[in-house]
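A.B. asks:
Number of protein chains: 2
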Amino acid sequence: MQDNDPQSTRDLVIAAAIRLFGHQGYEATTVRQIALAAGGQNVALVSYYFGSKEGLRRACAQEIVARIHRIFPTAPDEMPAAGQAAAERQLETLLSLFLDFMTQVPEAEDLAAFVLRELTESGEVFDILYDGVIADRHRQLCRLWGQATGTDPESETTRLTAFSMLGQVLYFRIGRPVVVRRLGWSGIAPAETEQIKKILTTNLSAILAAYREDPE
Amino acid sequence: MQDNDPQSTRDLVIAAAIRLFGHQGYEATTVRQIALAAGGQNVALVSYYFGSKEGLRRACAQEIVARIHRIFPTAPDEMPAAGQAAAERQLETLLSLFLDFMTQVPEAEDLAAFVLRELTESGEVFDILYDGVIADRHRQLCRLWGQATGTDPESETTRLTAFSMLGQVLYFRIGRPVVVRRLGWSGIAPAETEQIKKILTTNLSAILAAYREDPE
DNA sequence: GTCTATAAACAGATAGAC
DNA sequence: GTCTATCTGTTTATAGAC
Numbered sequence: 147m148q149d150n151d152p153q154s155t156r157d158l159v160i161a162a163a164i165r166l167f168g169h170q171g172y173e174a175t176t177v178r179q180i181a182l183a184a185g186g187q188n189v190a191l192v193s194y195y196f197g198s199k200e201g202l203r204r205a206c207a208q209e210i211v212a213r214i215h216r217i218f219p220t221a222p223d224e225m226p227a228a229g230q231a232a233a234e235r236q237l238e239t240l241l242s243l244f245l246d247f248m249t250q251v252p253e254a255e256d257l258a259a260f261v262l263r264e265l266t267e268s269g270e271v272f273d274i275l276y277d278g279v280i281a282d283r284h285r286q287l288c289r290l291w292g293q294a295t296g297t298d299p300e301s302e303t304t305r306l307t308a309f310s311m312l313g314q315v316l317y318f319r320i321g322r323p324v325v326v327r328r329l330g331w332s333g334i335a336p337a338e339t340e341q342i343k344k345i346l347t348t349n350l351s352a353i354l355a356a357y358r359e360d361p362e
Numbered sequence: 147m148q149d150n151d152p153q154s155t156r157d158l159v160i161a162a163a164i165r166l167f168g169h170q171g172y173e174a175t176t177v178r179q180i181a182l183a184a185g186g187q188n189v190a191l192v193s194y195y196f197g198s199k200e201g202l203r204r205a206c207a208q209e210i211v212a213r214i215h216r217i218f219p220t221a222p223d224e225m226p227a228a229g230q231a232a233a234e235r236q237l238e239t240l241l242s243l244f245l246d247f248m249t250q251v252p253e254a255e256d257l258a259a260f261v262l263r264e265l266t267e268s269g270e271v272f273d274i275l276y277d278g279v280i281a282d283r284h285r286q287l288c289r290l291w292g293q294a295t296g297t298d299p300e301s302e303t304t305r306l307t308a309f310s311m312l313g314q315v316l317y318f319r320i321g322r323p324v325v326v327r328r329l330g331w332s333g334i335a336p337a338e339t340e341q342i343k344k345i346l347t348t349n350l351s352a353i354l355a356a357y358r359e360d361p362e
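Heads up: the protein sequence lines correspond to chains A and B, in order.
With the numbering used here, letter number 127 in the first sequence gets 273, and the count goes up by one each step, no holes.
With the numbering used here, letter number 212 in the second sequence gets 358, and the count goes up by one each step, no holes.
1. May I have a chain-ordered list of the alpha helix (DSSP H) segments no shorter than 4 residues that lie completely inside the stretch 187-224 of chain B?
2. At 7 Å on the CB atoms, spell out the chain A contacts of I342/B, in chain order.
3. Step through the CB atoms of chain A and report whether any lies within less than 9 Å of the CB of R328/B.
4. Determine whether the beta carbon atoms of R328/A and I280/B lie at a separation below 9 Å.
5. How is A259/B classed by DSSP in three states: helix, strand or coil?
6. Applying a beta-carbon distance threshold of less than 8 Å, which residues of chain B neighbour G321/A?
7. So which residues on chain B does E302/A lean against when the C-beta distance must stay under 8 Å?
8. Determine the DSSP secondary structure at I180/B, reduced to helix, strand or coil.
9. Put S301/B into one of helix, strand or coil per three-state DSSP.
10. Buried or exposed for T220/B, please, with buried defined as at least 16 other CB atoms from any protein chain shown within 10 angstroms of its CB.
11. Enumerate, from N- to C-terminal direction, the unbroken beta strand (DSSP E) stretches of 3 or more residues contained entirely within the stretch 281-362 of chain B.
12. For I160/B, which residues in the same chain have their Cβ closer than 7 Å to its Cβ, ignoring the five residues on either side in sequence?
13. Decide if A190/A is buried, meaning its Cβ has at least 16 other Cβ atoms within 10 Å, or exposed.
14. Is the CB-CB distance between L243/A and L350/A below 9 Å?
15. Helix, strand or coil for Q170/B, going by three-state DSSP, please let me know.
16. Taking A254/A as the reference, which of T347/A, I164/A, L158/A and R156/A has the closest Cα?
17. Does the separation of the CB atoms of L287/A and L312/A fall below 9 Å?
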């Protein structure tokens with residue numbers, strides 16, 4: 147099965163594993179299913195490449211970290227201290243990109259499902275994901291928030307408010323089946339994402355305004 | 147093992163199953179683990195009481211529906227048309243109760259984890275949970291939101307905004323490990339819940355105000 | 001690198017004693 | 001209702017041919 151594809155067998159296996167682990171859970175997924183979903187590969191390859199099923203799990207987490215870094219490069223720590231209005235526009239852009247990714251990019255479903263599962267299990271993989279993607283992005287969000295409101299970017303209030311904004315976006319990924327059913331939609335097409343985006347940007351500017359005029 | 151406990155063996159098994167299914171996932175949990183966690187019951191009892199492991203899963207979902215109804219009774223459909231200010235106060239109370247439940251009540255962790263898992267798997271149990279608890283509560287939330295803003299309680303905007311509020315609360319349950327680590331907390335004690343509550347009520351009134359002055 | 005064959009453990013379900 | 005014993009299938013992991 148040595149072919150000229152840019153996707154090596156190893157990559158195929160990881161992609162299939164992320165999809166299946168995310169959708170069905172780690173324990174519920176067998177290495178046979180993964181090998182089959184990776185294009186009919188052999189079962190023994192998993193042990194050969196990753197040592198064990200658990201090793202494959204770690205490799206999935208590292209691949210997710212790398213992929214998110216590719217999609218959302220972290221901004222440099224020293225940012226040009228923009229004005230409040232500019233920072234608010236950057237927050238809007240960030241929110242918009244994040245929502246688009248979460249609701250429109252097909253692979254985001256697999257990634258989000260995988261992360262979500264590992265998040266509730268709090269194992270070794272949780273640390274890889276937290277250190278690799280979550281911590282940096284949240285700090286970056288807080289920095290922007292601080293600039294947009296003129297408050298301390300690392301105060302408890304700012305950090306919690308940043309999570310409350312993330313929660314709003316993430317719900318439309320995690321709770322997608324609920325939202326779709328309650329709205330009577332057949333799915334979340336770009337038009338529906340724009341509908342959601344209008345709600346979330348309204349919320350964003352309303353909440354920003356509240357913290358600007360009442361900085362606690 | 148016939149004793150005088152108010153908790154029958156059946157109930158013990160369901161409670162243990164909700165906890166384990168929620169924490170580890172359905173497939174990852176064996177009936178042997180459940181029997182052990184239910185006080186060292188016998189494995190064969192699961193088949194005896196619920197027919198199969200899948201039957202136990204359904205029974206868990208039905209128990210969750212019943213329990214949530216007990217904790218949060220649904221308001222009658224015809225509510226006294228309260229004023230905007232009164233409706234806003236009711237929304238605040240609802241938000242506060244919901245957050246308390248999600249972050250403070252120990253059994254909420256098991257329930258939320260179970261629901262979350264079933265939500266991403268979209269099986270038969272999802273329907274039981276959606277019809278049994280989610281649809282009614284969301285409609286009730288929209289009704290209050292409509293009263294507080296003077297807008298149509300069943301408009302797409304209102305329904306989506308209600309989800310965005312729910313997402314904020316739920317994130318502090320689902321993303322709890324992330325929040326705790328990022329804030330440097332050792333957990334979410336009542337004092338931390340109050341901290342979060344301050345953020346969420348600020349957000350609530352800011353968003354309500356935005357929709358009142360700009361009803362779209 | 002990729003395959004087959006197989007080992008060793010464990011799953012859910014059931015039969016039947018008590 | 002609760003138990004032991006067991007059947008049947010499937011799991012991960014490995015040994016070894018190619």
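Even glycine gets a Cβ: it sits at the ideal position worked out from N, Cα and C.
Keep in mind the model is a prediction, meaning the values are calculated, not measured.
C.D. replies: On the basis of the data shown:
1. 190-196 and 199-217
2. Per Cβ cutoff of 7 Å: L306.
3. yes
4. yes
5. helix
6. L265, F309, L312, G313 and L316
7. L329 and Q341
8. helix
9. Note: S301/B maps to coil in three-state DSSP.
10. exposed
11. none
12. Once the five neighbours on either side are set aside, the close Cβ partners of I160/B are A205, C206 and E209.
13. exposed
14. no
15. In this structure, Q170/B counts as helix in the three-state DSSP scheme.
16. I164/A
17. yes
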